[in-house]
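Numbering (UniProt numbering), first residue to last: 1 to 647.
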Amino acid sequence: LEQRIAGIWQQMLNCEHIGLNDDFFELGGHSLLATQVISRVRQVLGFDVALRTLFEHSRLADFVATLNQLKRIDEPPLIPVERNVPLPLSYAQERQWFLWQLDPQSSAYHLPAALRLRGYLDLQALQRSFDTLLARHESLRTLFTQADDQLHQVVTHQRIMLIEQEVLTHQEDQAAQIGTFVETEINRLFALDQGPLLRVKLLQLAAEDHVLIMTQHHIISDAWSMQVMVDELISLYSGYSSGHEAALPVLPIQYADYALWQREWMEAGERDRQLNYWLEQLSGEHSVMPLPTDRTRPAEQSFRGAHLALTLDQPLALNLKKLAQQRGITPFMLLMASFQVLLHRYNGQREIRVGVPVANRNRMETERLIGFFVNTLVLKSEIESQHTVATLFDQVRNITLQAQAHQDLPFEQLVEALQPERSLSHNPLFQVMFSHQGETRGVQRQRALPNLDVEFLAWDKQTAQFDLMLHTSESAEGFSAVFTYATDLFEATTIERLALHWQNLLRAIATDPQQRISELPLLDTREQQANIQQWNPAPAQFTSQRCIHELIEAQAARAPDTIALTLGDTWLSYAELNTRANQLAHALIAQGIGAEVLVGLACERSLEMIVGLLAILKAGGAYVPLDPAYPEDRLAYMIEDSGLSVV
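This is the structure we're talking about:
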């Protein structure tokens, strides 16, 4: 057994020799590779092993010893099914169909890739490569139909891939033209019930300079699939352009087989097992995460977005990697914890929920398929300001491993079970997402082919599916990050400041993870000095014509979701504060409170005290503060002396 496990580790880690005392993570393993190891142990050796087992027993000898204590797995086989029967959609595809029907004019779920091809391009080899991909992957020639409320996927017999070609005639400002052309192509709409759902366009810049643009709809693909397609396209082209047949491994199944297997497996009891876990984890209210937005949330998401990219300096990146190894966590867990601390420090909430995409390819048969496998998990941390960052690391590690053991439940079914209030203005269950790309899955930005250099093009796709998303990428050099944000809510300067605060937190965390979360500095020295020296002495201009309750009403109209009051782990937005004060003011008016009428306000320092104060002012009265800690005779004297009729 040791030799078979060592062989799996060698394959995943690309190591020639694995010893019994070698540690999987010290050899370069991470969560994604660990998931692939577990899938092979489960399928090849038949052990019912969880991902947590490898994290807790990462030395080869310990891992093997643990396996010997486990029971054998009992799962239905994932095998091809007949194509002469109706093929159901996967759960994720059903949600995509629903979203498309809600807004068929949206390009938010288009998945693009663009390659710059410099050198001699063999058009015949390129065409043959795409035709082979089309024949190899049924999902690339699948469309979707609905009849009598039943949804089905239909695999067509298309065998020739249409490659649209266009020549760029104007050579001035070529980079801007390419960007505009790519953006236009990405935003072209798909019809899911007509297809095709893969578009290929070739832009000729010069005789030996081209841009290849591939756009898929999310219902047939995901980010992993796009990388599979590009890798196989390059392999096929390399062979065909050299006069050879390209040998790709045979696919044991197609996506439609997986969709049917997924339903049978989940409905046989796995759904209930995993759903029970998530219902316990995410019980309670499902309120929208408050963030310091610059604009009022629109009634319906437009999905307009922008991006801010940055690279962590190399010393910081090295310190973070070292810290993760020392704490027994992955870079994903460390960066996730830092992001949740940032959100906690921004909104003061104890419960922080963040959406996390997972590849959800837990079986070997799915690793080389093109299809919509990615699932979304909701990771919830309970953050106590007085706890240390190291304590949060342990919590995030635990919830991440638990979530990965229950990652198969489709997000759509979780939403249906929890029944959060639905709104077109925001995503259900979470509004902020975090994703991390490990080093081994990083895209090679440049590839060399016979007579052709291939470069992956990056551009600023102007869409955002969530209020805020942080995507981090790991490489040998360090970490890079991209903040994607909804421009309906945020100004670019707000996100720039947020990104700076995140980097300040990371530096503090790398320096001393035993610091309390409340003590981690958000501001750097320059921003602190700006606050003290530049902004603090400047005289503020206030109009004498507006009262405090009128100013709060105006702020509630401008930014209703912005936090107005905090007390411990509770808070009120400006909209909630204004609404509660209005309700109480109406009750006071009904009791005869009006101009110049004194009202006693007897309560401890609390959110309710501010609500009461504003309500009295809104009713036209004046408030008389009464400290509940005073002796009763003292309070009675104050009430009588002031002539209070209402307290």
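Glycine is no exception: its CB is placed at the ideal position from the N, C-alpha and C atoms.
Give the secondary structure of residue i by DSSP, where H, G and I count as helix, E and B as strand, and everything else as coil.
i      : result
TRP571 : strand
LYS71  : coil
ASP23  : strand
MET433 : strand
THR579 : helix
ALA175 : helix
ARG393 : The displayed chain sequence assigns Phe, not Arg, to residue 393. Here PHE393 sits in helix by DSSP.
PRO513 : coil
ASP488 : coil
MET336 : helix
VAL443 : A caution first: VAL443 carries a pLDDT of 47, below 50, which makes its placement in the model too unreliable to give a value.
VAL41  : helix
LEU55  : According to the sequence provided, residue 55 is Phe. The question's Leu does not apply to it. Residue state, collapsed to three classes: helix.
ASP231 : helix
ASN375 : strand
LYS322 : helix
GLY195 : coil
VAL154 : strand
GLN419 : coil
LYS618 : helix
Go ahead and label residue i buried or exposed: buried means 16 or more other beta carbons lie within 10 angstroms of its beta carbon, across all protein chains shown.
i      : result
PRO80  : exposed
PHE98  : exposed
HIS17  : exposed
ILE548 : exposed
ASN375 : buried
ILE186 : buried
GLU26  : exposed
SER518 : exposed
ALA476 : exposed
ILE73  : exposed
GLU285 : exposed
VAL228 : buried
THR525 : exposed
ARG634 : exposed
Compute the Euclidean distance between the alpha carbons of residue i and residue j, then round it to the nearest angstrom.
i           : j      : result
ASN84       : ALA259 : 16 Å
GLY442      : SER221 : With a pLDDT of only 42 at GLY442, under the threshold of 50, the placement of this residue in the model should not be trusted; the figure read from the coordinates follows. Near 18 Å, if we compare the C-alpha coordinates of SER221 and GLY442.
GLU267      : SER573 : 42 Å
PHE373      : MET609 : 51 Å
LEU613      : TYR623 : 7 Å
PHE466      : ASP313 : 27 Å
LEU67       : LEU334 : 28 Å
THR391      : TRP265 : 37 Å
residue 649 : LYS322 : Absent from the structure is residue 649, since the part of the chain shown begins at 1 and ends at 647.
ASN362      : LEU251 : 16 Å
SER338      : ALA510 : 10 Å
GLY348      : MET289 : 11 Å
GLN101      : SER225 : 24 Å
GLU496      : THR484 : 11 Å
MET161      : ALA125 : 12 Å
VAL37       : GLU56  : 14 Å
MET336      : LEU506 : 11 Å
Could you pull out every residue in the same chain whose Cβ sits closer than 8 Å to the Cβ of residue i, ignoring the five residues on either side in sequence?
i      : result
SER435 : VAL356, PRO357, MET469, LEU470, HIS471 and THR472
ARG4   : VAL44 and LEU45
LEU76  : For the record, residue 76 in the displayed sequence is Pro; it is not Leu. The residues are TRP261, GLU264, TRP265 and ALA268.
ASN21  : ARG59, LEU60 and ALA61
Excluding five sequence neighbours on each side, which residues of the same chain lie with their C-beta closer than 6 Å to the C-beta of residue i?
i      : result
GLY620 : GLY594 and ALA595
SER480 : THR311 and SER473
ASP257 : PRO80 and VAL81
THR132 : LEU236
Should residue i be counted as a contact of the ligand ATP given a C-beta to heavy atom distance under 7 Å?
i      : result
GLY179 : You won't find the ligand ATP in this model; it holds no ligand whatsoever.
What does a CB cutoff of less than 7 Å around residue i pick up in its chain, not counting 5 residues either side in sequence?
i      : result
LEU409 : ARG271, GLN274, LEU275 and TRP278
GLN555 : TYR574
ARG345 : LEU522
ALA108 : PHE303, THR463 and GLN465
THR145 : HIS152, VAL154 and ASP193
PHE411 : ASN375 and THR376
Taking CB distances under 8 Å as the criterion, tell me whether residue i reaches chain D.
i      : result
ALA476 : The question asks about chain D, but that chain is absent: this structure has only one protein chain.
Contact between the region 379-389 and the region 411-427 (3+ Cβ pairs under 8 Å): No: fewer than three Cβ pairs fall under 8 Å.
Three-pair Cβ contact test at 8 Å for the region 62-69 versus the region 1-16: Taking a cut-off of 8 Å for Cβ pairs, the region 62-69 and the region 1-16 touch, as three or more such pairs fall below it.
Segment contact, 8 Å Cβ cut-off, at least three pairs: the region 450-464 with the region 418-432: Between the region 450-464 and the region 418-432 there are fewer than three C-beta pairs closer than 8 Å, too few to call the two in contact.
The region 131-147 touching the region 189-201, judged by at least three CB pairs closer than 8 Å: Output reads yes: the region 189-201 touches the region 131-147.
Touching by the beta-carbon criterion (3+ pairs, under 8 Å), the region 451-458 and the region 108-123: Verdict: yes, contact present.
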